[in-house]
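Colleague: In the numbering used here, the protein residues as written are 55 to 153. In this text, a Cβ means the ideal position worked out from N, Cα and C, and glycines have one as well. The structure presented is a predicted model; accordingly, all values stated were derived computationally and were not measured.
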């Protein structure tokens with residue numbers, strides 16, 4: 055599942071709640087940090103909560119804050135993906151990177 059801004063599952067807490075309810079090893083997260091970043095959620099907190107339950111991380115850049123934001127090709131915006139991926143690895147992430 056991929057959490058999205060404006061969707062039912064749009065916070066790390068809601069993601070973890072759904073994973074607990076479903077309780078299946080086959081349900082994992084496609085972690086797209088941009089949906090958390092554009093609403094001002096701290097990267098370290100979202101990574102700490104979701105890295106270990108993620109099978110993929112979706113990379114795309116972004117500019118602005120919701121609802122006045124735009125999604126961009128990685129590297130075209132201000133987000134530090136080197137730092138993000140290092141944090142993901144430090145929190146146990148060993149999955150795929152998609153864009």
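Identify which residue in 113, 144, 117, 130 has its Cα closest to the Cα of residue 99.
Modeller: Among 113, 144, 117, 130, the Cα nearest to that of residue 99 is on 144.
Colleague: Less than 8 Å between the beta carbons of residue 83 and residue 109, yes or no?
Modeller: Yes, the pair counts as a contact, with Cβ atoms nearer than the cut-off.
Colleague: Between the C-alpha atoms of residue 124 and residue 152, what's the straight-line distance to the nearest angstrom?
Modeller: Answer to the nearest angstrom: the Cα atoms are 19 Å apart.
Colleague: Please state whether DSSP places residue 63 in a helix, a strand or coil.
Modeller: In the structure shown, residue 63 sits in coil (DSSP, three-state: anything other than H, G, I, E or B).
Colleague: Leaving out the 5 sequence neighbours to the left and right, which residues in its chain are closer than 8 Å to residue 69 when beta-carbon positions are compared?
Modeller: Correct list, in chain order: 55, 57, 63, 83, 103, 104, 107.
Colleague: Kindly indicate the opening and closing residues of the alpha helix (DSSP H) around residue 89.
Modeller: 88-91 is the extent of the alpha helix (DSSP H) around residue 89.
Colleague: If distances are taken between C-alpha atoms only, which option among 81, 128, 134, 60 comes closest to residue 96?
Modeller: That would be 134, whose Cα lies nearest to the Cα of residue 96.
Colleague: Measure the Cβ-Cβ separation of residue 93 and residue 61 and say whether it is below 8 Å.
Modeller: It is not a contact, given that the beta carbons lie outside the stated cut-off.
Colleague: Which residue comes first and which comes last in the alpha helix (DSSP H) that contains residue 109?
Modeller: Segment 108-112 is the beta strand (DSSP E) holding residue 109; no alpha helix (DSSP H) there.
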